[in-house]
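Participant:
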Amino acid sequence: MPGINPQIICHRLHINPAINPIAQKRHNFVTEQVAIIEAEIDKLLAASFIEEVSYAEWLANVVLVAKKEKGPWRVCVDYADLNKACLKDNFALPRIDLFIHSTSGNQLLSFMDAYSGDNQIMINEDDKAKTSFIIERGTYCYKVMPFGLRNAGETYQRLVNKIFKEKIGKTIEVYVVDMLVKAPQ
Numbered sequence: 001m002p003g004i005n006p007q008i009i010c011h012r013l014h015i016n017p018a019i020n021p022i023a024q025k026r027h028n029f030v031t032e033q034v035a036i037i038e039a040e041i042d043k044l045l046a047a048s049f050i051e052e053v054s055y056a057e058w059l060a061n062v063v064l065v066a067k068k069e070k071g072p073w074r075v076c077v078d079y080a081d082l083n084k085a086c087l088k089d090n091f092a093l094p095r096i097d098l099f100i101h102s103t104s105g106n107q108l109l110s111f112m113d114a115y116s117g118d119n120q121i122m123i124n125e126d127d128k129a130k131t132s133f134i135i136e137r138g139t140y141c142y143k144v145m146p147f148g149l150r151n152a153g154e155t156y157q158r159l160v161n162k163i164f165k166e167k168i169g170k171t172i173e174v175y176v177v178d179m180l181v182k183a184p185q
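Going by full-length UniProt numbering, 75 is the number at position 75 of the sequence shown; the sequence numbering is gapless.
1) For Asp118, count the other beta carbons within 10 Å of its own beta carbon; 16 or more makes it buried, fewer makes it exposed. Which is it?
2) In terms of residue numbering, what span does the alpha helix (DSSP H) encompassing Glu32 cover?
3) Between which two residues does the beta strand (DSSP E) carrying Phe111 extend?
4) If you draw a straight line from the C-alpha of Ala85 to the C-alpha of Ile41, how long is it?
5) To which residues of the same chain is Gly153 closer than 6 Å at the C-beta, ignoring the five residues directly before and after it?
6) Between which two residues does the beta strand (DSSP E) harbouring Arg74 extend?
7) Can you give the Cα-Cα distance for Val65 and Asp126, rounded to whole angstroms?
8) Using only the alpha-carbon positions, how far apart do Leu82 and Ser54 sit?
9) Roughly how far, in whole angstroms, is the beta-carbon of Tyr142 from the beta-carbon of Ile50, given that I think they are within contact range, below 8 Å?
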């Protein structure tokens, strides 16, 4: 699976040891919803983003969220319990007002979105099972950093700051997955 070498960065879950793991009971979905969920799980398995897991202590549920009014469904994992247990990473994200201000005086601007950027960062091996979620056909965990985990933005910002450290503030600005390449002419 392509992605960022874990020696450069990987996502760790720093869980408060005073909080006990929470295993949610599986939600029931109607047949049409099960088909949507299973199709997404098949895509994630094919991309090697997830794997089957057994005996997970932390267990979350899948939820379906409408992308747009009457549009397709987005399959998400509800990590609310896990996120409450994770300690806050104090890594400072860039201030968006400074990000915007830094573009003044530049005539050429190119905006980019690092689509699926979270999924390029591996989860620490010891933390994979903590990202477990349950659906009708089984229990799975993430091998890569999924959308919705606490501190994922901070981990991603750390990565891009390392990669672009010589360019940030000069020809590029980065705010988590949003990137801006700038030039005066």
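Heads up, the beta-carbon is just placed ideally off N, CA and C, and yes, glycines get one too.
Computed from a predicted model, the values in this text were never measured in an experiment.
Facilitator: Once the coordinates are examined:
1) As a first step, residue 118 is located in the sequence shown; it is residue number 118 there, counting from the start. Buried: at least 16 other Cβ atoms inside 10 Å.
2) Mapped onto the sequence shown, residue 32 falls at position 32. Looking at the DSSP string, the run of the alpha helix (DSSP H) that includes Glu32 is Thr31 to Ala46.
3) For this step, residue 111 is matched to residue 111 along the sequence shown. Under the DSSP assignment, Phe111 falls in the beta strand (DSSP E) whose first and last residues are Leu108 to Asp113.
4) Taking the first residue of the sequence shown as position 1, residue 85 is located at position 85. Taking the first residue of the sequence shown as position 1, residue 41 is located at position 41. Rounded to the nearest angstrom, the two C-alpha atoms are 26 Å apart.
5) Stepping through the sequence shown from its first residue, residue 153 is reached at position 153. Contacts found: Val176.
6) The count along the sequence shown starts at 1 and reaches residue 74 at position 74. Counting along the chain, the beta strand (DSSP E) containing Arg74 begins and ends at Trp73 to Asp78.
7) Start at 1 with the first residue of the sequence shown, and residue 65 comes out as number 65. Start at 1 with the first residue of the sequence shown, and residue 126 comes out as number 126. Roughly 29 Å between the two C-alpha positions.
8) In the sequence shown, the residue the question calls residue 82 occupies position 82. In the sequence shown, the residue the question calls residue 54 occupies position 54. Computed Cα separation, rounded: 18 Å.
9) As a first step, residue 142 is located in the sequence shown; it is residue number 142 there, counting from the start. As a first step, residue 50 is located in the sequence shown; it is residue number 50 there, counting from the start. Right, the Cβ-Cβ distance comes to about 5 Å (below 8 Å), so this counts as a contact.
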